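Asks: Going letter by letter, the sequence shown gives residues 1120 to 1259 in the numbering used here. Glycine residues also receive a C-beta, built at the ideal position from the N, C-alpha and C atoms. Here the structure is a predicted model, which is why all the values come from computation and not from measurement.
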Amino acid sequence: MLKIISVSAVAIILTACSMSSNYKRPVNLLFQEKSAEKNQVIHVKRDKKLCGEDSAKQQECPISFYVDDFKAGTFYINNQANYNLYPNTYTLKVKNCTAKCDSHEIDIKIDDELTNREFILSVDKDGKPFIIHMDTLQSQ
């Protein structure tokens, strides 16, 4: 009987640990392969702001990140990823579960002249997602 209780306790602990680790890395990542042609690297990070009733251990509303309408990753708080892109102009977009078809997007030329390669994903007080990029903020 003691063995059954011990095995059950270990199973519960392992389940709890695996649930919290589900959010440590972004999922569904695209544009990860490096090549001589895909020589433009951008860094995408999600800040620590949660959406709605979410908690760090229970995140039901991650931010989906798109590159030219291709879903390129799903980001939970504090996730980050690098993307390897061809030199080109792209539409970067974010969506989440807060509203139907509600999204934020920026058009940006990614080439050797782009100095700030960091893009931060966040949500506003109403849970609507947006992208922070200092170069595009300064040009608006």
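Would you be able to state if there are at least three C-beta pairs under 8 Å between the region 1156 to 1166 and the region 1190 to 1200?
Replies: Contact check between the region 1190 to 1200 and the region 1156 to 1166: three or more CB pairs, one atom from each, fall below 8 Å, which counts as touching.
Asks: Using CA atoms only, rank isn't needed, just tell me which of 1169, 1187 and 1150 is closest to residue 1179.
Replies: 1169
Asks: Going by DSSP, what residue range makes up the beta strand (DSSP E) through residue 1204?
Replies: Per DSSP, residue 1204 is one residue of the beta strand (DSSP E) stretching across 1199 to 1204.
Asks: Cutting at 8 Å between CB atoms, please list the residues of its own chain near residue 1213, excluding the five before and the five after it.
Replies: 1182, 1183, 1184, 1185, 1222, 1223, 1224, 1240, 1248, 1249 and 1250
Asks: Could you tell me the alpha carbon to alpha carbon distance between residue 1158 and residue 1237, rounded to whole angstroms?
Replies: Across the structure, residue 1158 and residue 1237 are spaced so that their CA atoms are roughly 15 Å apart.
Asks: For residue 1242, which residues from the same chain have a beta carbon less than 8 Å from its beta carbon, with the 5 sequence-adjacent residues on both sides left out?
Replies: 1168, 1169, 1170, 1182, 1215, 1217, 1248 and 1249
Asks: According to DSSP, is residue 1188 helix, strand or coil?
Replies: Reduced to three states, the DSSP call for residue 1188 is coil.
Asks: Under the DSSP definition of a beta bridge, which residues are partnered with residue 1196?
Replies: Residue 1196 pairs with nothing; no bridge assigned.
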